[in-house]
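Undergrad: Got a structure for you, questions after.
In this note's numbering, the protein residues as written are 145 to 245.
Dropping the structure here:
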């Protein structure tokens, strides 16, 4: 992938995000749908990204945007439920096979 393609992808992603926010639609969904549709267009080259690029450039903004709308109280409620579920699973494993512990 050359610099022009990367710049084009970033520009389209930014434009889609700004339009989606004005219309109060989650930008991630629109980008996923557009990317899926573009994958079926004949003649479009296959895009391959380095995994380090994905981890450093793509994932952090997605995580940031996903966490902006979460309230602390809702997060703590879900965290408590998750911890309780993990504890119950560990207890169930211990009861079913006490030799493992």
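Cβ atoms here follow ideal geometry from the backbone N, Cα and C, with glycine treated the same way.
#1: Specify, as a first and last residue, the run of the alpha helix (DSSP H) that residue 155 falls within.
#2: So, helix, strand or coil for residue 189, using DSSP?
#3: Do you know how far the Cα of residue 188 is from the Cα of residue 211?
#4: Skipping 5 residues on each side, what residues in its chain have a beta carbon closer than 7 Å to that of residue 178?
#5: Out of 206, 215, 224, which one is the CA nearest neighbour of residue 157?
TA: Working from what's here:
#1: Judged by DSSP secondary structure, residue 155 falls within the alpha helix (DSSP H) whose first and last residues are 147 to 166.
#2: Residue state, collapsed to three classes: coil.
#3: Looking at the two C-alpha atoms, the distance is approximately 33 Å.
#4: Within the same chain, residue 178 has close Cβ partners 160.
#5: Ranking the options by Cα distance to residue 157, first place goes to 206.
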